[in-house]
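Trainee:
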Amino acid sequence: MTHDCSFLRKLSLGENQISFGDSHRSGHAGDWGTPEDEHVRPDAVVWPESTVDVSTVLSAADENKVPVTPYAAGTSLEGNATPSRDGIRLDMTRMDAVLDVRPDDFQIDVEPGILGKIVDETVAKHGLFFPPLPSSGDISTIGGMIANDASGMKTVKYGEVSDWVLELEAVLADGEIITAGSKAVKTSSGYNLKDLIVGSEGTLAVVTRATLELAGLPEQIRGGRAIFESISDAVEAVSDVVRSGVDVATIELVDGTSATMANAYTGSSLPDAPMVFLEFHANHGIEEEIEFCRSVFDAHDVRRVEVAEGDEMDDLWQARRELAFAVQASDPELSPLHPGDVTVPISHYPEMIRLVSRLADEHGLLIPCFGHAGDGNLHYSVLVDESDPDHIERARDVQMEIVKKAISVGGTCTGEHGIGRGKREYLELEHGTESVEAMRRIKRAFDPNDTLNPGKMFPETVEGGQMRD
C-alpha cells in the first residue's frame with residue numbers, strides 16, 4: 348500500500364532533503380542482500396542532517412501512521428534495510444561527521460552515516476584504531492554496524508561492535524530523543540538501553556550519535572595462511588588453536604571449493620585446498636606466539652605455513668578478502684540462495700563443517716564454506732539454478748537443516764547479519780515462544796504504532812498487520 352507523505356513538505360526541512368522522485372525512490376528500494384524482484388519502493392526519501400531533523404520526521408510519521416525504514420550504505424545481507432512496506436526511507440548518509448576525538452580517553456564521537464574506515468583513518472594519527480571493524484568497514488557505516496551488531500574477522504580477539512559502543516544518542520518512534528549508556532567504561536546504572544538498541548535493526552530507535560571505545564594500534568602485526576591436506580584437518584586445527592589459547596587476532600577458514608573460486612576471480616595461484624588465514628597482534632613476543640600456533644598446526648598434518656607482514660601480508664590475504672565476490676561470480680548459471688552465517692560454540696565447529704559437506708554430497712549441491720572460524724562463525728552459500736524449482740527446494744531444505752543443527756548445539760541462526768527479512772522464520776526456533784513474545788512487548792513499548800522498520804524480526808507485521816496482543 349502507498350502512504351500519503353505530503354506532510355513532509357510542511358516540516359522544517361530543506362527542499363534538497365526530501366524527494367518523491369522515481370529515481371531516488373527506486374534507488375532506495377532494496378539493499379545488497381535483497382533480490383531485485385523483492386525490492387519495495389518507498390513513497391518518499393528523506394535525508395536528515397541533524398538529530399532534530401530525525402526527531403521532526405519520526406514525530407510526524409508516527410502521528411500520520413506512516414512507516415519509516417532507516418537506511419545508510421545498503422550493505423545489509425538479510426534485507427534489514429529493505430522496506431517491507433512503502434512509506435519513508437530515512438537515508439542517514441548525510442549525518443557522517445566526526446564530532447569529537449578524545450585520545451586520552453580512547454574515545455571518538457561520530458554520527459551514524461560515517462564509514463567505518465573513516466573512523467580508523469581519523470584516529471590512526473593518535474596511534475589508535477576501532478578493533479571490531481568488519482571486513483566491509485570500507486563500504487558500511489557505523490550506524491548500520493550498530494543496528495546489526497556487526498562483527499568480523501577480528502572478533503576472536505576483540506569481540507563484536509557492541510563491545511566497543513559506550514554511549515548512544517537515539518530518536519524513538521514518536522520523535523523523543525534519548526541518551527543510552529555512558530562515556531564511562533562501565534556502568535550499572537538503570538536498564539541497559541544501549542545494548543537493547545544495538546542489534547535492534549532500526550526497529551526500536553534511530554541512532555544519531557555514537558561514542559565508540561578505541562584501542563592502541565599493536566606494535567607488531569603478522570599475518571599469513573596455513574594450507575592443509577583436508578578440510579577436516581583444517582577445521583580441527585582451528586578448534587585446537589582456540590582451545591589451546593593461542594593469541595590470534597584473526598583466524599579464518601576457507602575450504603577447497605572456495606579457494607578454487609577465489610583463484611578464478613582474483614587470478615591468484617592458491618592451491619585448491621583448505622586453508623586457514625591468520626593474523627597476530629602484539630606489542631612484544633609475537634614470534635613466540637606464531638611458533639606456538641605452528642606447533643598446534645603441525646599436529647594436524649599442515650602442508651605449509653606462510654607468515655608475512657606489511658604489503659606481503661596483504662598479498663597473502665587477497666583471496667580471503669575477495670571471497671564473497673568470488674562466490675557470486677563463480678558460475679553465471681548459479682546464484683547464492685541465501686548468505687548463511689550460523690555461529691556455534693567452537694567445540695561444535697568441526698561437526699558443522701562435516702554436516703555441510705555431507706549435505707552437499709547427498710543433495711548434489713555446490714556449497715562453498717568459509718568464515719570467522721575462531722569465534723565459531725560459519726559462512727556458506729548454497730548455489731542454485733534459479734530456473735530449476737527442484738534445485739531451489741533442495742537448497743532450502745539444506746539451508747534449514749544447517750540452521751536447525753546450529754541452534755540445536757547452542758548456536759545461533761545469525762552470527763552477524765541480523766534477522767531482517769531473511770531469518771524471521773528461525774527466531775522462535777532459536778529463542779522460544781516466550782522469549783520472542785517478550786521481544787514483541789519491548790517493540791510495542793518503544794514503538795506502539797509499528798512505525799520503525801516494520802516487517803522485520805516479527806513476520807506478522809510484514810503486510811501491515813498488528814503486533815500480537
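So the mapping is simple: this note's numbering equals the position in the sequence shown, first residue as 1, plus 347. Every residue gets a Cβ at the ideal spot worked out from N, C-alpha and C, and that includes glycine. Computed from a predicted model, the values in this text were never measured in an experiment.
What number of angstroms, rounded off, separates the C-alpha of E784 from the C-alpha of T534?
Mentor: One C-alpha to the other measures close to 28 Å.
Trainee: Touch check for the stretch 626-637 and the stretch 594-603: three-plus C-beta pairs under 8 Å?
Mentor: Yes, the stretch 626-637 is in contact with the stretch 594-603.
Trainee: Run through DSSP, which three-state label would V588 get?
Mentor: If DSSP states are grouped into helix, strand and coil, V588 belongs with the helices.
Trainee: Among D732, T759 and D722, which has the Cα closest to the Cα of I714?
Mentor: Of D732, T759 and D722, the residue nearest in Cα terms is D732.
Trainee: Using only the alpha-carbon positions, how far apart do T798 and A792 sit?
Mentor: Whole-angstrom Cα-Cα distance: 12 Å.
Trainee: For a test of the three-state rule: what should DSSP assign to D816, helix, strand or coil?
Mentor: Any reading at D816 needs caution, since the residue's pLDDT is 48, under 50, leaving its predicted position unreliable; the model's value is listed next. Note: D816 maps to coil in three-state DSSP.
Trainee: With C716 as the anchor, note down where its beta strand (DSSP E) starts and where it stops.
Mentor: Here the beta strand (DSSP E) through C716 covers C716 to G718.
Trainee: Distance check for A609 and D467, CA to CA, integer angstroms please.
Mentor: Computed Cα separation, rounded: 27 Å.
Trainee: Under 8 Å, do G332 and T440 count as touching if we go by C-beta distance?
Mentor: As displayed, the chain neither begins before 348 nor continues past 816, which places residue 332 out of reach and without an answer.
Trainee: Roughly how many whole angstroms lie between the Cα atoms of D661 and A655?
Mentor: Roughly 9 Å separates the two Cα atoms.
Trainee: Check each candidate in I754, L706, L513 and D722 and name the one with the smallest Cα separation from V503.
Mentor: Closest option to V503, Cα to Cα, is D722.
Trainee: For V703, which of K790, L424 and H726 has the nearest alpha-carbon?
Mentor: For the residues K790, L424 and H726, the minimum Cα distance to V703 belongs to H726.
Trainee: Determine, using beta-carbon pairs with one atom in the stretch 611-625 and one in the stretch 665-679, whether at least three such pairs fall under 8 Å.
Mentor: With a cut-off of 8 Å, the stretch 665-679 and the stretch 611-625 count as touching, because enough Cβ pairs lie within range.
Trainee: Look at the alpha carbon of R815 and the alpha carbon of R787, and state the distance between them as a whole number of angstroms.
Mentor: With a pLDDT of 49 at R815, under the threshold of 50, the modelled position of that residue is not reliable, and no figure is offered here.
Trainee: How about E576 and D648: do their beta carbons lie closer than 8 Å?
Mentor: Yes, these two residues count as a Cβ contact at 8 Å.
Trainee: Can you tell me whether M492 is helix, strand or coil according to DSSP?
Mentor: Residue state, collapsed to three classes: helix.
Trainee: Does DSSP put A792 in a helix, in a strand, or in coil?
Mentor: A792 falls in the helix class under three-state DSSP.
Trainee: Tell me, which residues are paired with N724 by DSSP?
Mentor: DSSP output for N724 lists T690 as bridge partner(s).
Trainee: Taking just the CA atoms, how far does S529 sit from N539?
Mentor: When rounded, the distance between both Cα atoms is 10 Å.
Trainee: If you drop the 5 nearest sequence neighbours on each side, which residues of the same chain put their C-beta closer than 8 Å to that of A376?
Mentor: H386, V387, R388, P389, T429 and P430, listed in sequence order.
Trainee: Within the chosen definition, does the stretch 628-637 reach the stretch 566-574 through at least 3 CB pairs nearer than 8 Å?
Mentor: Touching, per the Cβ criterion.
Trainee: Give me the residue from D485, Q454 and V508 with the minimum Cα distance to K464.
Mentor: Residue D485 is the option with its Cα nearest to K464.
Trainee: Quick one: residues in its chain with C-beta nearer than 6 Å to the C-beta of V401, no 5 flanking neighbours on either side, listed in chain order?
Mentor: Answer for V401: P395, V518, V553 and T555, listed in chain order.
Trainee: Alpha carbon to alpha carbon, how far is E763 from G718?
Mentor: Straight-line Cα distance between these residues: approximately 11 Å.
Trainee: Do you know offhand how far G779's Cα is from R768's?
Mentor: Rounded to the nearest angstrom, the two C-alpha atoms are 19 Å apart.
Trainee: Could you check which residue in E781, D542, G380 and Q665 has the C-alpha nearest to that of D510?
Mentor: The option with the nearest alpha carbon to D510 is D542.
Trainee: Below 8 Å on the Cβ atoms is my guess for A497 versus E514; work out the distance and round it to an integer in Å.
Mentor: Incorrect: roughly 18 Å between the Cβ atoms, too far for contact.
Trainee: How should R356 be labelled, buried or exposed, when 16 other C-beta atoms within 10 angstroms of its C-beta is the threshold for buried?
Mentor: It counts as exposed.
Trainee: Determine the direct distance from the alpha carbon of M699 to that of S536, and round the result to whole angstroms.
Mentor: Rounded to whole angstroms, S536 to M699 spans 40 Å at the Cα level.
Trainee: For D602, which residues from the same chain have a beta carbon less than 7 Å from its beta carbon, with the 5 sequence-adjacent residues on both sides left out?
Mentor: Around D602: I578, P621, P715, C716 and F717.
Trainee: Suppose you measure from the CA of L600 to the CA of V689; what does that come to, to the nearest Å?
Mentor: So the two alpha carbons sit approximately 14 Å from each other.
Trainee: Expressed to the nearest angstrom, what Euclidean distance is found between the alpha-carbon atoms of E523 and K803?
Mentor: E523 and K803: Cα-Cα distance of roughly 22 Å.
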